[in-house]
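Numbering (this note's numbering), first residue to last: 794 to 1498. For every residue, glycine included, the Cβ atom is placed at its ideal position computed from N, Cα and C. Let me begin by presenting the structure, written as structure tokens, before commenting on it.
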Ligand code: ASP
């Protein structure tokens, strides 16, 4: 059989009836029908039924056919024939024809697969396992088999089509595809870096890029004017369900442009990409400022497929006698609510009071929720008696109430808490009551983000990244309030409550860029060390520029209407950031560590912990915090006390129940023992060399060996 002449299974049609064809693929399913043997042959294109009939094929071929099992890799030659009327399979594209086999070659046999790969019934109406029947861990462990499943394979092919569409479009618009380095310097996107040790430069590390941000801006300084890349990015972030440590962005940047250029370009790109999935997006995409998004939906990635926008009613209660509201307003708080139109039947008093007010809303961080139902033209609830007639009338007008409406209000001294809790409630109610229209798409631009956000340490950090242009330049980099009032020229593209991407117009003025670094609390020296090479480029005529990156995995998942991005990634990591297929991450041999000079880092070698006899050095090694000579005696004293306590506990073992607790050690003392405050610790004199502090805690490496 000459495989170069093979046809793809799914390309066979009635027009091929009477033709001899060569096919190759895998046995999807088989069925023995008293002398006649049927297989579903699967290749990348789809399925076709192959029949082995002792009257048409020789005995040896039929014997081989009988030995076929699921996932054997085979080549077949035979004649395309019409199916006998009544035996057509409507589940197959090729269901009106079949191939009468003449020869068969087993190219490779297969062990029984750990899960069923076939997704199509051989006989209409019979039950076939669906993907959900198999645990994801097993699927990922055998991803190469999972990829044989038509649904996953189709996801890969669709992803490819989406990529090609993006490439074609950006090429049409004069964008140049450029690859930027993987082994590089840290790029600030707010996550931790994945570091790669350098063998040739002992104790020096590359960082894998969190994004190509710095390089794409340098490409603009380099005069490329329009760049794009389908870029792999790496971020060592806390695990979240729909996150991957490595992910793909369509990353782009352009010079001599403004926001409008990006909006037009990216809208057209997004419309075309969704069209690959047969989805028609409405254009132009609406724009909403960050403040408005928070104020009306409680989210900076608002789901605009449904209403339930927040209504502010703070002013209605400015003179209220209702104590709870009065106290909240005295503390400068606010009251916001949503009108769940015509849903009072589904939201009974019992559900509102016992489920929402007592349990669900407190789980969103609010202390409680006020509810009112519109019954016979009046507002009913367990607290309306505390409201004045004017307050009730004003509520009715403000919410434009109608019979059957349900008002849900959240009040708190903190605006952030009210908007966040009401935002979660808005989504909860919409999902529960089915208020989100199926197959609807609500793209929008969120604009005018704050440039900075406050940090726990009393400073500011960039909301987007430090290269984003502010809306004005006359700010004082040392005045926190001034900084927090700044808006940025950043924009996010959101859809259906998800962020699809974001970007900004950048700073192209070196003085302004330095001012931003100062605002971020970086000293001249730190700035030079981290971004010297970057700032230097801005000494040489950097053009005005801006760009954006779209999260490809999420975008593809959304276009294909799949809930998880792992369905559109060929070899994803699982929820704990490891790869069930390869087992990565894995330990490495000491020899490799030694080659990378990692065995003797800071004189604290990996295997050496056991040999460190001095307990302070052991502790220091474990905690990855160097202890200086002033701290050492203090820590020695604390350790000696802890040792004494341990000795005491050991000596008294048997007389008292041993302590078994996973609670924090604070307060876990034996009866009669008194707390000893460590004045040096309280004065902040201890552990000055800790890598970072947060609140009252020292941040140390998460791994304890
Ligand atoms: N580098 C940014 C990000 O990864 C996108 C951009 O500003 O273009 O979010």
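For residue i, which residues in the same chain have their Cβ closer than 6 angstroms to its Cβ, ignoring the five residues on either side in sequence?
i: residue 1456; result: Because residue 1456 carries a pLDDT of 49, less than 50, the predicted location of this residue cannot be relied on, and the following value inherits that uncertainty. Result list for residue 1456: empty, nothing under 6 angstroms.
i: residue 1228; result: 1099
i: residue 1232; result: none
i: residue 809; result: 873
i: residue 1243; result: 1256
i: residue 770; result: Since the first and last residues shown for the chain are 794 and 1498, residue 770 lies out of range.
i: residue 1161; result: 1150
Nearer than 7 angstroms: is that true of the beta carbon of residue i relative to any heavy atom of the ligand SAH?
i: residue 1000; result: The model on display carries the ligand ASP but not the ligand SAH.
Can you look up residue i in the DSSP assignment and give me helix, strand or coil?
i: residue 1306; result: helix
i: residue 1036; result: coil
i: residue 1401; result: Note that residue 1401 has pLDDT 44, beneath the 50 cutoff, so the model's placement of it is unreliable and the number below is only indicative. Note: residue 1401 maps to helix in three-state DSSP.
i: residue 886; result: coil
i: residue 892; result: strand
i: residue 1445; result: coil
i: residue 832; result: strand
i: residue 811; result: coil
i: residue 1020; result: strand
i: residue 1342; result: strand
i: residue 1173; result: strand
i: residue 1458; result: Annotation note: pLDDT 48 at residue 1458 (below 50); position unreliable, no value reported.
i: residue 902; result: coil
i: residue 1071; result: coil
i: residue 1154; result: helix
i: residue 1044; result: strand
i: residue 1395; result: Note that residue 1395 has pLDDT 49, beneath the 50 cutoff, so the model's placement of it is unreliable and no number is given.
i: residue 987; result: coil
i: residue 1125; result: coil
i: residue 967; result: coil
i: residue 1080; result: strand
i: residue 1130; result: strand
Given residue i, which residues of its chain have a CB within under 7 angstroms of its CB, disregarding the five upstream and five downstream residues?
i: residue 1089; result: 1102 and 1103
i: residue 984; result: 1003, 1028, 1029 and 1030
i: residue 977; result: 999, 1000 and 1002
i: residue 956; result: 1023
i: residue 1175; result: 1146
i: residue 856; result: none
i: residue 1124; result: 1206
i: residue 1370; result: 1032 and 1038
i: residue 1511; result: Any answer about residue 1511 is impossible in this case: the structure gives the chain only from 794 up to 1498.
Could you tell me if the beta carbon of residue i falls within a distance shorter than 7 angstroms of some heavy atom in the ligand ASP?
i: residue 839; result: no
i: residue 982; result: yes
i: residue 1296; result: yes
i: residue 1338; result: no
i: residue 1342; result: yes
i: residue 1004; result: yes
i: residue 1042; result: yes
i: residue 994; result: no
i: residue 1258; result: yes
Can you find the residues in the same chain that come closer than 8 angstroms, C-beta to C-beta, to residue i, ignoring five residues on each side of it along the sequence?
i: residue 1052; result: 1240, 1282, 1284, 1298 and 1339
i: residue 862; result: 820, 823, 902, 903 and 905
i: residue 1303; result: 1328, 1331, 1332 and 1335
i: residue 946; result: 837 and 940
i: residue 796; result: 815, 817 and 868
i: residue 989; result: 976, 998, 999, 1000 and 1001
Can you check whether the CB of residue j is closer than 8 angstroms to the CB of residue i?
i: residue 1254; j: residue 1245; result: yes
i: residue 1066; j: residue 1352; result: yes
i: residue 981; j: residue 1008; result: no
i: residue 1220; j: residue 1159; result: no
i: residue 1374; j: residue 1037; result: no
i: residue 803; j: residue 838; result: yes
i: residue 833; j: residue 893; result: no
i: residue 1201; j: residue 1185; result: no
i: residue 1078; j: residue 1237; result: yes
Does any residue of chain D bring its CB to less than 8 angstroms from the CB of residue i?
i: residue 1225; result: Absent from the structure is chain D; it holds one protein chain and no more.
For this session: Answer yes if the segment 1287-1298 comes into contact with the segment 1317-1327, meaning at least three C-beta pairs across the two stretches below 8 angstroms, and no otherwise.
Result: no
Problem set entry | At least 3 beta-carbon pairs within less than 8 angstroms: the segment 1191-1206 vs the segment 1129-1138 | yes
Exercise. Touch check for the segment 842-852 and the segment 934-944: three-plus C-beta pairs under 8 angstroms?
Worked result: no
Exercise. Counting Cβ pairs closer than 8 angstroms, one from the segment 863-872 and one from the segment 887-899, do we hit at least three?
Worked result: yes
Exercise. Are the segment 951-970 and the segment 1342-1362 touching, with three or more C-beta to C-beta distances below 8 angstroms?
Worked result: yes
Problem set entry | Three or more C-beta pairs below 8 angstroms linking the segment 1069-1077 and the segment 1259-1278 | no
Problem set entry | Three CB pairs or more closer than 8 angstroms across the segment 1109-1125 and the segment 1165-1184 | yes
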